[in-house]
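Here the structure is laid out as structure tokens; the discussion comes afterwards.
Residue numbers (the working numbering): 70 to 712.
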């Protein structure tokens with residue numbers, strides 16, 4: 070079966086879109102191969118195409134590429150520019166959520182059982198409606214129990230089957246075990262369970278069983294009978310089939326010499342799940358109404374077991390997907406060449422126990438990288454403890470890292486374990502390690518060398534097994550030269566290191582990040598924001614982002630909170646961004662005029678004060694620091710030097 074998309078939310082919920090062509094465009098324009106008449110979809114939103122040709126036995130490999138859509142293309146909740154699709158991926162385009170299916174079920178579920186089109190109704194046929202089923206009427210069962218030994222035996226059989234199949238969670242094993250138990254109490258030679266797909270239109274899980282051979286998918290099944298059983302929700306018993314003229318046109322059943330069959334529906338909450346099908350070629354092994362009643366009762370029990378197994382299997386698949394997402398992937402967003410290099414580095418170092426030093430400007434995602442290393446390492450099940458070395462005083466940081474004994478200092482009213490001790494077996498992330506004081510540096514060096522330390526106020530060494538990941542935005546080499554950082558500690562930390570790229574060096578990731586943060590904060594703020602306008606997106610891409618990803622996230626959150634329209638527009642972005650030279654080159658009208666007016670006013674005030682920034686700031690009514698920021702963002706330094 071060709072890969073396809075199924076809309077699982079939005080206005081198109083339930084619609085299926087086959088992906089048979091090598092290249093398929095998706096969008097709101099009618100010219101697209103997949104036309105989605107939804108206002109949240111861009112005119113040409115994305116492109117789905119095959120990346121290579123595969124043999125018939127292999128799964129088709131498809132990729133999805135965003136076409137600069139208004140509100141982005143998301144795969145499993147992450148915005149993407151281009152990504153390969155895997156079976157079960159969820160694709161969000163605007164308000165429409167799709168499920169991508171590369172195939173239907175696995176090889177073991179392929180319907181190998183042959184379906185005959187000929188009906189097998191004979192003069193010996195018995196039809197049993199659900200409301201007439203004996204074992205589904207407790208009052209009749211209780212009345213017959215005292216006088217009918219067969220009822221007692223069959224109740225015991227039902228109890229045995231119920232206890233057995235309700236403990237099985239694997240769908241294939243459940244079907245085989247059920248058929249094996251049925252053939253112990255019904256004189257059939259062969260049996261099959263046929264389960265429907267979610268649309269209730271075709272069988273997707275089929276299992277056969279033979280009394281002689283065990284698992285056997287060679288049984289022939291009458292499609293007409295199964296369709297009638299499902300359509301009319303009625304159980305059927307037919308004897309003397311081989312003598313009936315209706316069999317004449319069915320060579321496969323003639324060869325099997327089928328004499329009798331039973332077929333009952335699997336129903337749960339008035340919805341058909343499939344059928345149980347039994348037959349025999351032995352003319353002496355006739356089915357009776359008691360067998361039909363018993364099989365109907367078994368089907369009632371099995372329906373619940375099948376539904377539970379299907380749900381359990383779905384939860385297992387989802388759990389596996391989530392585990393893979395957490396354990397093998399990362400929470401960083403970016404598809405640029407610098408980020409791909411970061412991912413390759415993280416994959417290599419995660420498998421080792423080496424100390425890692427992450428460099429880079431503030432806001433570039435060093436903690437996310439550290440977390441990714443931990444999650445992909447053998448320590449993933451142990452604690453990940455992060456400490457910001459720049460936010461605590463020396464005394465507090467010492468206690469935070471190493472812990473303290475009761476009475477070690479004023480306020481130490483009880484013993485406390487430090488973060489290193491808490492993280493035993495796991496990972497410790499030391500952010501802003503360049504801010505450590507000389508005393509803490511010395512103690513940390515001992516931890517790296519000996520893997521031991523003492524709590525504050527104690528002389529008893531404590532052994533720990535921790536991996537250290539450090540991060541800094543400082544030039545540690547310069548700090549060593551100035552005496553601010555120990556050289557021996559630097560060598561212990563700098564075993565393997567990498568610099569996280571600033572956002573201005575990976576501009577192609579800005580749109581992905583902006584789309585991700587837009588969805589995140591529109592959900593948090595309970596305010597519908599459908600996307601980012603082209604003008605605002607261009608401004609975001611043009612800005613240098615000195616605060617990197619953290620500054621971008623704050624800008625998008627501010628725009629979502631303060632914006633008044635259903636999309637982020639240029640007006641919603643921070644003034645500092647609009648004042649920048651890069652964003653200013655994309656604007657006209659009001660913003661360009663405002664920018665020029667600010668430049669003229671600042672220049673005039675500096676001329677009046679003879680270049681005295683402090684006096685100019687007073688005349689303008691701003692803080693001197695703000696004046697310096699304005700001069701930088703308006704690119705006034707060069708022109709002021711000339712004057």
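The beta-carbon is built from N, C-alpha and C at its ideal position, and this holds for glycine as well.
These figures come from a predicted structure and were not determined experimentally.
Could you give the DSSP three-state label for residue i: helix, strand or coil?
{"i": "residue 625", "result": "helix"}
{"i": "residue 505", "result": "coil"}
{"i": "residue 234", "result": "helix"}
{"i": "residue 321", "result": "Unreliable placement is indicated for residue 321, whose pLDDT of 46 sits below 50; no coordinate value is reported for it."}
{"i": "residue 360", "result": "helix"}
{"i": "residue 670", "result": "helix"}
{"i": "residue 575", "result": "coil"}
{"i": "residue 108", "result": "coil"}
{"i": "residue 123", "result": "Because residue 123 sits at a pLDDT of 44, beneath the cut-off of 50, its placement in the model cannot be relied upon, and the point is left open."}
{"i": "residue 334", "result": "strand"}
{"i": "residue 77", "result": "coil"}
{"i": "residue 640", "result": "helix"}
{"i": "residue 255", "result": "coil"}
{"i": "residue 562", "result": "helix"}
{"i": "residue 662", "result": "helix"}
{"i": "residue 478", "result": "coil"}
{"i": "residue 143", "result": "strand"}
{"i": "residue 86", "result": "strand"}
{"i": "residue 134", "result": "strand"}
{"i": "residue 536", "result": "strand"}
Rounded to the nearest angstrom, how far is the Cβ of residue i from that of residue j, given a contact under 8 Å?
{"i": "residue 538", "j": "residue 498", "result": "5 Å"}
{"i": "residue 569", "j": "residue 428", "result": "7 Å"}
{"i": "residue 509", "j": "residue 466", "result": "6 Å"}
{"i": "residue 602", "j": "residue 639", "result": "7 Å"}
{"i": "residue 158", "j": "residue 145", "result": "6 Å"}
{"i": "residue 111", "j": "residue 138", "result": "4 Å"}
{"i": "residue 599", "j": "residue 636", "result": "5 Å"}
{"i": "residue 279", "j": "residue 258", "result": "7 Å"}
{"i": "residue 349", "j": "residue 328", "result": "6 Å"}
{"i": "residue 265", "j": "residue 341", "result": "6 Å"}
{"i": "residue 133", "j": "residue 142", "result": "6 Å"}
Ignore the nearest five residues each way along the sequence and tell me which others in residue i's own chain have a CB closer than 8 Å to its CB.
{"i": "residue 507", "result": "555"}
{"i": "residue 619", "result": "431 and 432"}
{"i": "residue 378", "result": "237, 238, 239, 240 and 243"}
What does the alpha-carbon distance come out to for the pair residue i and residue j?
{"i": "residue 271", "j": "residue 336", "result": "15 Å"}
{"i": "residue 526", "j": "residue 474", "result": "6 Å"}
{"i": "residue 382", "j": "residue 238", "result": "7 Å"}
{"i": "residue 33", "j": "residue 609", "result": "Lying before the first or after the last residue shown, residue 33 is absent from the chain, which here runs from 70 to 712."}
{"i": "residue 424", "j": "residue 401", "result": "21 Å"}
{"i": "residue 438", "j": "residue 415", "result": "7 Å"}
{"i": "residue 671", "j": "residue 644", "result": "17 Å"}
{"i": "residue 484", "j": "residue 585", "result": "44 Å"}
{"i": "residue 115", "j": "residue 406", "result": "21 Å"}
{"i": "residue 251", "j": "residue 226", "result": "9 Å"}
{"i": "residue 314", "j": "residue 291", "result": "Confidence is the limiting factor: at residue 314 the pLDDT is only 46, short of 50, which leaves the residue's position unreliable, though a coordinate-based value still follows. Cα to Cα, residue 314 sits roughly 15 Å from residue 291."}
{"i": "residue 369", "j": "residue 384", "result": "23 Å"}
{"i": "residue 222", "j": "residue 231", "result": "14 Å"}
{"i": "residue 450", "j": "residue 332", "result": "50 Å"}
{"i": "residue 545", "j": "residue 695", "result": "30 Å"}
{"i": "residue 365", "j": "residue 441", "result": "53 Å"}
{"i": "residue 124", "j": "residue 287", "result": "Note on residue 124: pLDDT 45, under 50, position unreliable in the model; no value is reported."}
{"i": "residue 697", "j": "residue 613", "result": "17 Å"}
Leaving aside the five residues before and after residue i along the sequence, list all residues of the same chain whose C-beta is less than 6 Å from its C-beta, in chain order.
{"i": "residue 77", "result": "166 and 168"}
{"i": "residue 354", "result": "256"}
{"i": "residue 563", "result": "426"}
{"i": "residue 674", "result": "685, 688 and 689"}
{"i": "residue 84", "result": "76"}
{"i": "residue 761", "result": "Outside the modelled stretch of the chain, which goes from 70 to 712, sits residue 761, for which no answer is possible."}
{"i": "residue 604", "result": "639"}
{"i": "residue 516", "result": "522"}
{"i": "residue 476", "result": "none"}
{"i": "residue 421", "result": "none"}
Leaving aside the five residues before and after residue i along the sequence, list all residues of the same chain whose C-beta is less than 7 Å from its C-beta, in chain order.
{"i": "residue 403", "result": "575, 578 and 581"}
{"i": "residue 469", "result": "456, 461, 487 and 488"}
{"i": "residue 565", "result": "418, 423 and 425"}
{"i": "residue 557", "result": "514"}
{"i": "residue 86", "result": "73, 74 and 103"}
{"i": "residue 534", "result": "493, 494 and 520"}
**Asked** Mind pulling the alpha helix (DSSP H) runs of 4 or more residues that sit fully within the segment 363 to 432?
**Response** Counting whole runs of 4 or more residues, the segment 363 to 432 contains the alpha helix (DSSP H) stretches 406 to 419.
**Request:** Please go through the segment 432 to 473 and give each complete beta strand (DSSP E) segment of 3 or more residues, from N-terminal end onward.
**Result:** Runs of the beta strand (DSSP E) spanning 3 or more residues and lying entirely within the segment 432 to 473 occur at 453 to 457, in chain order.
**Message:** Report the start-end ranges of each beta strand (DSSP E) in the segment 482 to 534 that is 3 residues or longer and not cut off at the edges.
**Reply:** If we require 3 residues or more, the beta strand (DSSP E) runs fully inside the segment 482 to 534 come out as 496 to 500.
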